[in-house]
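S.K.: With full-length UniProt numbering applied, the sequence shown corresponds to residues 1 to 252, in that order. The beta carbon of each residue, even a glycine, is placed where N, CA and C say it ideally should be.
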Amino acid sequence: MRTCIHPECRLQPHDLALEQFQNRAETAWVFTSAYTLYTDGLLQKIVAYASQSGRRIALDSASQELVSSQRSALCALLEQGCIDVCICNEDEAAQLGQSQPASTDLRAQHEGSEWTRSQPHALPQPHMRALSYLAQQCKIAAVVTLGSQGCLVSPGTAASQEQLQGFGSKLTVPHCFFPSMDVKAVDCTGAGDAFSSGFIAGLCKGRTLKQCAHLGCAMGAAAVQVVGSELDGAAWQYFQANAAPAGLSIAI
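1) If I measure Cβ to Cβ from V30 and keep anything under 6 Å in the same chain, skipping five residues before and after, which residues do I get?
2) Compare the beta carbon distance of S148 and D193 with 9 Å and say whether it is the shorter of the two.
3) Can you give the beta carbon distance from V143 to D187, rounded, assuming they're within the 8 Å contact cut?
4) I need the boundaries of the beta strand (DSSP E) containing N89, first residue and last residue.
5) Using 9 Å as the threshold, is the C-beta distance between L59 and A34 below it?
6) Name, in chain order, the residues that DSSP records as bridge partners for P155.
7) Taking the straight line between their C-alpha atoms, what separation do you get for Y238 and A222?
8) Indicate whether G166 and K205 have their beta-carbon atoms separated by less than 9 Å.
9) Does the beta-carbon distance from A130 to A76 come in below 9 Å?
10) By how many angstroms is the C-alpha of A17 removed from the C-alpha of G41?
11) Could you work out which residue in T157, S53 and D182 is closest to A25 when comparing CA atoms only?
12) Excluding the 5 residues flanking A159 on each side, which residues of the same chain have their C-beta closer than 8 Å to its C-beta?
13) Please check the pair F199 and I83, which I expect to be a contact at CB under 8 Å, by giving their CB distance rounded to whole angstroms.
14) Here's the rule: buried if 16 or more other CB atoms are within 10 angstroms of the residue's CB, otherwise exposed. What is Q70?
15) Can you find the residues in the same chain that come closer than 8 Å, C-beta to C-beta, to V224, ignoring five residues on each side of it along the sequence?
16) Which one or two residues does DSSP pair with G150 in a beta bridge?
17) If you reduce the DSSP assignment to three classes, tell me which class E19 lands in.
18) Would you kindly check if the distance between the Cβ of M181 and the Cβ of A213 is under 9 Å?
19) Assuming L11 contacts L37 (C-beta within less than 8 Å), just tell me the rounded distance between them.
20) Would you kindly report the start and end of the unbroken beta strand (DSSP E) that includes V30?
21) A213 lies in the alpha helix (DSSP H); which residues open and close that run?
22) Which of helix, strand or coil does DSSP assign to A93?
23) Quick check: what's the CA-CA separation for L96 versus V47?
24) Specify the secondary structure class of R24 as computed by DSSP and reduced to three states.
25) Going by the beta-carbon positions, is the gap between E92 and Q64 smaller than 9 Å?
26) Quick one, which of T145, Y133, F178 and L146 has its alpha-carbon nearest G156's?
27) Could you please give the first and the last residue of the uninterrupted alpha helix (DSSP H) stretch that includes D193?
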């Protein structure tokens, strides 16, 4: 299966204007895809305008192929320190982690972490290097989704104390594992985007990173229960039922 990126390929940097970002006072977040790196200067302009407008920026790392072919441009953008949240899957994390030095792998320093307690089979070193690297570049959080296993979240450099609730008061652990929900998967199309929507929705509502991860996993679990990327009524009910008990219900 290949991703159709036609809209992102047609959009050009000159199509964007700073006023388009500044005139939307109700917009707190800009969520964009690294696929825009295929158009020279596009993602850089999106990030620049969003930053100048005081918007938070969430970045999806797109695909393993994108990370491989555009690694230098992606890392250069991340290292500007403008991205608030970066979300990638296992394959994308593995690709990104291959270029990181062993010193960025913090796993060995935290054998008693929430991750190693909850998930004995820890991620391979490239994945952990990617997570650690992203957490050093992002302001709020770095996220690696693990498919049917759940997700791994590491706080960013400027995560607030409210967002860090659930990670421990001293924050001696650089990452936490959040398990997925046990459902019968029918089709995984759109599951990653569904996870991202739940996670970012949580941030928009002022939830903690732990609650955002719960919302992301709930949305991802709802998405895999239907064929295609459109959630039906039953899938929405599943999401609400799994979000509400933890006080995470979001009006739809």
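M.R.: Quick look at the numbers:
1) Position 30 of the sequence shown, counted from the start, is the residue given in the question as residue 30. A50, R55 and I57.
2) By one-based count along the sequence shown, residue 148 stands at place 148. By one-based count along the sequence shown, residue 193 stands at place 193. Contact: no.
3) In the sequence shown, residue 143 corresponds to position 143, counting from 1. In the sequence shown, residue 187 corresponds to position 187, counting from 1. Contact flag wrong, Cβ pair sits at about 22 Å.
4) Numbered from 1 along the sequence shown, position 89 holds the residue referred to as residue 89. V85 to N89 is the extent of the beta strand (DSSP E) around N89.
5) For the purposes of this step, residue 59 is identified with residue 59 of the sequence shown, where counting begins at 1. For the purposes of this step, residue 34 is identified with residue 34 of the sequence shown, where counting begins at 1. Yes, they are a contact pair.
6) In the sequence shown, counting from the first residue as 1, residue 155 sits at position 155. For P155, which the question treats as bridged, DSSP gives the partners A141.
7) To locate residue 238, count along the sequence shown from 1; it is residue 238. To locate residue 222, count along the sequence shown from 1; it is residue 222. For Y238 and A222, the distance between alpha carbons rounds to 6 Å.
8) For the purposes of this step, residue 166 is taken as residue 166 along the sequence shown, with counting starting at 1. For the purposes of this step, residue 205 is taken as residue 205 along the sequence shown, with counting starting at 1. No. Outside cutoff.
9) For the purposes of this step, residue 130 is taken as residue 130 along the sequence shown, with counting starting at 1. For the purposes of this step, residue 76 is taken as residue 76 along the sequence shown, with counting starting at 1. Not in contact: A130 and A76 (Cβ atoms no closer than 9 Å).
10) In the sequence shown, the residue the question calls residue 41 occupies position 41. In the sequence shown, the residue the question calls residue 17 occupies position 17. The alpha-carbon atoms of G41 and A17 are separated by roughly 14 Å.
11) One-based indexing of the sequence shown puts residue 25 at position 25. Selected option, being the one with the closest Cα: S53.
12) Position 159 of the sequence shown, counted from the first residue, corresponds to residue 159. Closer than 8 Å at the Cβ level, and outside the excluded window around A159, lie K139, I140, A141 and L209.
13) Counted from its first residue, the sequence shown places residue 199 at position 199. Counted from its first residue, the sequence shown places residue 83 at position 83. About 14 Å separates the two Cβ atoms, so there is no contact after all.
14) Taking the sequence shown and counting its residues from 1, one reaches residue 70 at position 70. Buried: at least 16 other Cβ atoms inside 10 Å.
15) Taking the sequence shown and counting its residues from 1, one reaches residue 224 at position 224. The residues are V183, A185, V186, D187, C188 and A191.
16) Locating residue 150 in the sequence shown gives position 150, where the first residue counts as 1. Answer by DSSP bridge pairing, in chain order: P179.
17) Locating residue 19 in the sequence shown gives position 19, where the first residue counts as 1. Reduced to three states, the DSSP call for E19 is helix.
18) Working through the sequence shown from its first residue, we reach residue 213 at position 213. Working through the sequence shown from its first residue, we reach residue 181 at position 181. Their beta carbons are not under 9 Å apart, which means A213 does not touch M181 by this criterion.
19) Here residue 11 refers to the residue found at position 11 of the sequence shown. Here residue 37 refers to the residue found at position 37 of the sequence shown. So it is not a contact: roughly 12 Å between Cβ atoms.
20) If you number the sequence shown from 1, residue 30 lands on position 30. Residues W29 to S33.
21) If you number the sequence shown from 1, residue 213 lands on position 213. That run of the alpha helix (DSSP H) goes L209 to A223.
22) As a working note, residue 93 is residue 93 in the sequence shown. DSSP places A93 in helix when its eight states are reduced to three.
23) Mapped onto the sequence shown, residue 96 falls at position 96. Mapped onto the sequence shown, residue 47 falls at position 47. For L96 and V47, the distance between alpha carbons rounds to 20 Å.
24) The residue given as residue 24 occupies position 24 in the sequence shown. Note: R24 maps to coil in three-state DSSP.
25) Looking up residue 92 in the sequence shown gives position 92. Looking up residue 64 in the sequence shown gives position 64. Closer than 9 Å, so yes.
26) On the sequence shown, position 156 is the one that residue 156 refers to. Checked all of T145, Y133, F178 and L146; the closest Cα to G156 is Y133.
27) Numbered from its first residue, the sequence shown carries residue 193 at position 193. D193 -> alpha helix (DSSP H) spans A191 to C204.
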